[in-house]
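Asks: Before anything else, here's the structure in question.
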């Protein structure tokens, strides 16, 4: 998270927290938890709690008016009923802390006190919202079982027994269904939040993977380009070292190739570093060489002293796609670099053939080196990179010794 996000998060959180239930705030914003682990009441919670309290009190007052119509109740029982109902209404403020205990306690309390019926309904609704269905089934089932006994002991004035029982069952079912609906909406909101977070994490991981793949591609380009330039420097520097009797023209030509190769290597290195700093793909820099630049590559290697034969060409190298042409060029460049390092002084043959719909085939073969060639550190890494490059382009690459004792690198690439 950057500094701007950190600066805007508290104000955005403050605006959202006011209209969200505390249970959602606890899950969506863990920083809102208090030291004891309980979530702080939001503005919405205070409004809902006060409304539930008024609802419980209102139902209790309406029920208290009907107590005078029951001749079987004494004044002491009426007073006890109202006192128990008032305590039950006050206990509504504890519904968030102990939803199971309060709802379970309201089952026997509602059997003894008719004025506590509103508080019992609020407690059952709270239980359905905040706890799984198994708790609602146990407590709600117990409440339904005691209803026949309650209406038998305290019949409703002016209503038959079965009608009173049916109304009580429907009211209980409606309260439970409403609570389960609220709970399902909250769970849906939390699931959408989790899905959005997972999507953000996946998007971030994909972006990081894309950056990593881009950097790996840049590293491969660095290896291919710099290895080619530096081997040219090594060949001409070695020629100047082991031929002190060379003419001034030969020394000047070798020095010119060294200077030009060093300049090109430095320019390529600057472009690569610039891409790494910008975080962009290297395709946005200088145009990358494709199959059309193969003649220039062969000419450059010939000027460096290699004996190269270009055995075949394609009729329209510009018709090859940029990715396939770039892959073919890099294969030829790396193969020529390897031939210069591992088989110096030998003749190298470069063959290119293919047509649209038939595919593009490129091979680089060198003869058997004369004398013993010292081992080169890090050998084989370039061929691994070439194999991966050809696979990514949809082709194949094979390499290995020839029956004559030389070495060949052969690739086949798609050409639509």
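Residue numbers (my numbering): 4 to 419.
Backbone N, C-alpha and C define an ideal beta-carbon position, used for all residues, glycine too.
Because the structure is a prediction, the values reported are computed rather than measured.
Would a C-beta distance cut-off of 8 Å place residue 121 and residue 58 closer than the cut-off?
Replies: To locate residue 121, count along the chain shown from 1; it is residue 118. To locate residue 58, count along the chain shown from 1; it is residue 55. Cβ atoms of residue 121 and residue 58: closer than 8 Å.
Asks: Leaving out the 5 sequence neighbours to the left and right, which residues in its chain are closer than 6 Å to residue 371 when beta-carbon positions are compared?
Replies: By 1-based counting over the chain shown, the position of residue 371 is 368. Only 408 and 409 meet the Cβ criterion.
Asks: Residue 334 and residue 296 - do their beta-carbons sit closer together than 8 Å?
Replies: One-based indexing of the chain shown puts residue 296 at position 293. One-based indexing of the chain shown puts residue 334 at position 331. Taking 8 Å as the Cβ cut-off, residue 296 and residue 334 do not qualify as a contacting pair.
Asks: Per DSSP, what kind of secondary structure is residue 353 in: helix, strand or coil?
Replies: Residue mapping note: residue 353 aligns to position 350 of the chain shown, counting from 1. Correct three-state label for residue 353: strand.
Asks: What does residue 412 pair with, by DSSP beta-bridge criteria?
Replies: For the purposes of this step, residue 412 is taken as residue 409 along the chain shown, with counting starting at 1. 367 and 402.
Asks: Taking the beta carbon of residue 351 as the centre, do at least 16 other beta carbons fall within 10 Å, making it buried, or is it exposed?
Replies: Taking the chain shown and counting its residues from 1, the one referred to as residue 351 is at position 348. Residue 351 is buried by the Cβ-count criterion.
Asks: If you follow the beta strand (DSSP E) that residue 337 is part of, which residue opens it and which one closes it?
Replies: Counting from 1 along the chain shown, the entry for residue 337 is found at position 334. Looking at the DSSP string, residue 337 is not in any beta strand (DSSP E); the run it does join, the alpha helix (DSSP H), is 325 to 345.
Asks: For residue 320, verify whether its CB is less than 7 Å away from any heavy atom of the ligand FMN.
Replies: Because no ligand of any kind appears in the structure shown, any question about the ligand FMN cannot be addressed here.
Asks: Distance, Cα to Cα, residue 255 vs residue 337?
Replies: Stepping through the chain shown from its first residue, residue 255 is reached at position 252. Stepping through the chain shown from its first residue, residue 337 is reached at position 334. Roughly 27 Å separates the two Cα atoms.
Asks: In terms of DSSP beta bridges, what is residue 310 paired with?
Replies: The count along the chain shown starts at 1 and reaches residue 310 at position 307. DSSP lists 350 as partners of residue 310.
Asks: Alpha carbon to alpha carbon, what distance is there between residue 102 and residue 88?
Replies: For the purposes of this step, residue 88 is taken as residue 85 along the chain shown, with counting starting at 1. For the purposes of this step, residue 102 is taken as residue 99 along the chain shown, with counting starting at 1. Spanning the two alpha carbons is a distance of roughly 18 Å.
Asks: Does the Cβ of residue 187 have 16 or more other Cβ atoms within 10 Å, making it buried, or fewer, making it exposed?
Replies: As a working mapping, residue 187 is identified with position 184 in the chain shown. Exposed.
Asks: For residue 108, name the three-state secondary structure that DSSP assigns.
Replies: The sequence position of residue 108 within the chain shown is 105, counting from 1. The answer is helix: DSSP assigns residue 108 an H, G or I state.
Asks: Hey, residue 172 and residue 190 are a contact pair by Cβ (cut 8 Å); roughly how many whole angstroms apart?
Replies: In the chain shown, residue 172 corresponds to position 169, counting from 1. In the chain shown, residue 190 corresponds to position 187, counting from 1. Actually they do not touch by this definition, with Cβ atoms about 27 Å apart.
Asks: Along the chain, where does the alpha helix (DSSP H) containing residue 64 start, and where does it finish?
Replies: Residue 64 sits at position 61 when you count from the first residue of the chain shown. Residue 64 -> alpha helix (DSSP H) spans 46 to 70.
Asks: For the alpha helix (DSSP H) holding residue 141, just list the boundary residues, first then last.
Replies: One-based indexing of the chain shown puts residue 141 at position 138. Per DSSP, residue 141 belongs to the alpha helix (DSSP H) from 136 to 156.
Asks: Give the DSSP bridge partners of residue 358, in chain order.
Replies: As a working mapping, residue 358 is identified with position 355 in the chain shown. Answer by DSSP bridge pairing, in chain order: 362.
Asks: When you compare only the Cα positions, how much space is there between residue 258 and residue 269?
Replies: By 1-based counting over the chain shown, the position of residue 258 is 255. By 1-based counting over the chain shown, the position of residue 269 is 266. For residue 258 and residue 269, the distance between alpha carbons rounds to 16 Å.
Asks: Relative to the C-alpha of residue 366, which residue among 66, 330, 125 and 70 is closest?
Replies: Numbered from its first residue, the chain shown carries residue 366 at position 363. For residue 366, the nearest C-alpha among the options comes from 330.
Asks: Buried or exposed: residue 154, going by 16 or more other Cβ atoms within 10 Å of its Cβ?
Replies: Here residue 154 refers to the residue found at position 151 of the chain shown. It counts as buried.
Asks: Tell me where the alpha helix (DSSP H) around residue 80 begins and ends.
Replies: Along the chain shown, one-based indexing puts residue 80 at 77. It spans 78 to 93 - the alpha helix (DSSP H) in which residue 80 sits, taken as one unbroken run.
Asks: In this structure, how does DSSP classify residue 190 when only helix, strand and coil are distinguished?
Replies: As a position in the chain shown, residue 190 is number 187, starting the count at 1. It is helical.
Asks: Would you give the residue range spanned by the alpha helix (DSSP H) that residue 294 belongs to?
Replies: In the chain shown, residue 294 corresponds to position 291, counting from 1. It is not in any alpha helix (DSSP H) - residue 294 carries neither H nor E in the DSSP assignment.
Asks: Could you name the residues of the same chain whose beta carbon sits closer than 8 Å to that of residue 399, not counting the 5 residues immediately before and after it, in chain order?
Replies: Here residue 399 corresponds to residue number 396 of the chain shown, with the count starting at 1. Only 393, 414 and 415 meet the Cβ criterion.
Asks: Is it the case that the Cβ atoms of residue 181 and residue 128 are separated by a distance below 8 Å?
Replies: Locating residue 181 in the chain shown gives position 178, where the first residue counts as 1. Locating residue 128 in the chain shown gives position 125, where the first residue counts as 1. Yes. Within cutoff.
Asks: Quick one, are the C-beta atoms of residue 1 and residue 126 less than 8 Å apart?
Replies: With the chain running from 4 to 419 in the structure shown, residue 1 is simply not present.
Asks: Taking contact to mean 3 or more Cβ pairs, one atom from each stretch, closer than 8 Å, check whether the region 52 to 71 and the region 90 to 98 are in contact.
Replies: The region 52 to 71, when compared against the region 90 to 98, does touch it at the 8 Å Cβ threshold.
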